[in-house]
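Chemist: Sequential numbering of the sequence shown, starting at 1372, is according to the numbering used here.
Every residue gets a Cβ at the ideal spot worked out from N, C-alpha and C, and that includes glycine.
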Amino acid sequence: MSTYQSYTDNDLVSLLKENDYAAYTEIYNRYSGLLYVHACKRLKDREAAKDLIQELFTSTWNNRYKLKIDTQLSSYLYTAVRYLVIKLISRKNLEENYFNSLKDTIENGRVVTDYLVREKQLTQIIEKEIDALPSKMRNIFFMSRRLHLSHREIANQLELSEATVKKQVNNALKILRIKLDTYQILLFLILPSLF
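1) Alpha helix (DSSP H) containing L1383: first to last residue?
2) State the Cα-Cα distance for the pair L1465 and N1510, rounded to the nearest angstrom.
3) Determine the contact status of S1445 and Y1395, defining contact as a CB-CB distance below 8 Å.
4) Assuming L1520 is part of the alpha helix (DSSP H), what are its boundary residues?
5) Determine, using beta carbons only, whether Y1436 and I1424 come nearer to each other than 8 Å.
6) Helix, strand or coil: how does DSSP classify R1417 here?
7) The alpha helix (DSSP H) that contains K1437, what's its start and end?
8) Taking the continuous alpha helix (DSSP H) assigned at E1533, which residues delimit it?
9) Beta-carbon of L1487 versus every beta-carbon of chain D: anything under 8 Å?
10) Just the C-alpha distance for K1474 and S1461, rounded to the nearest angstrom, thanks.
11) Assuming E1500 and L1551 make a contact with CB atoms under 8 Å, what is their CB distance in whole Å?
Okay, structure coming up:
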């Protein structure tokens, strides 16, 4: 039996704040399954629940130094899951309303002008977010998505490993997805060449 399994939640949180990855792993092992079931019941979508729990624990690790838990760890985690579920449902409702509005516009024949305006606005937003990426990441992303070079070709040109190129592209996509959260589905529909 691992010594971490015998620690209290408060002990684990204290160790987590001190950058103890084993404490983080124990918290994950202790709560991820229960939180996943809780999220599944609310979302009725296993993949969405899995992503939500991954997001929660990634955020917990990334924010470990400034983590403030005034209640029991279990209460804190359940509240965080509840918040993430509400946020996800709200986002889905917003997207559904937007697409219903878009559908109405298409059916009423005003699509061309509206589409062009939205496409231009979306392109500007995407370009702004791509420009905000760190320069090395932006360059690799550009080579991958705009020049359509493989990871190997980029790695050879920039004298990097393929793993580094892949990680930079993935990090760029992750950053863009977060920043363009409400536009994510629209991106794939209107500008599939970017992603």
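Modeler: Judging by the given coordinates:
1) Translated into positions along the sequence shown, residue 1383 becomes position 12. 1380-1388 is the span of the alpha helix (DSSP H), which, as asked, contains L1383.
2) As a first step, residue 1465 is located in the sequence shown; it is residue number 94 there, counting from the start. As a first step, residue 1510 is located in the sequence shown; it is residue number 139 there, counting from the start. Taking the straight line from one Cα to the other gives about 33 Å.
3) Counting from 1 along the sequence shown, the entry for residue 1445 is found at position 74. Counting from 1 along the sequence shown, the entry for residue 1395 is found at position 24. In this structure, Y1395 does not lie closer than 8 Å to S1445 by Cβ.
4) Counted from its first residue, the sequence shown places residue 1520 at position 149. Per DSSP, L1520 belongs to no alpha helix (DSSP H) and is neither H nor E.
5) Your numbering for residue 1436 matches position 65 in the sequence shown. Your numbering for residue 1424 matches position 53 in the sequence shown. The answer is no: Cβ separation not under 8 Å.
6) Against the sequence shown, residue 1417 aligns to sequence position 46. The answer is helix: DSSP assigns R1417 an H, G or I state.
7) Here residue 1437 corresponds to residue number 66 of the sequence shown, with the count starting at 1. Here K1437 belongs to no alpha helix (DSSP H), and DSSP marks it neither H nor E.
8) As a working note, residue 1533 is residue 162 in the sequence shown. Its alpha helix (DSSP H) spans residues 1533-1550.
9) The structure shown contains no chain D; it holds only a single protein chain.
10) In the sequence shown, residue 1474 corresponds to position 103, counting from 1. In the sequence shown, residue 1461 corresponds to position 90, counting from 1. Using only the alpha carbons, I get a separation of about 20 Å.
11) Residue mapping note: residue 1500 aligns to position 129 of the sequence shown, counting from 1. Residue mapping note: residue 1551 aligns to position 180 of the sequence shown, counting from 1. Going by Cβ atoms, the distance from E1500 to L1551 rounds to 6 Å, so yes, they are a contact pair.
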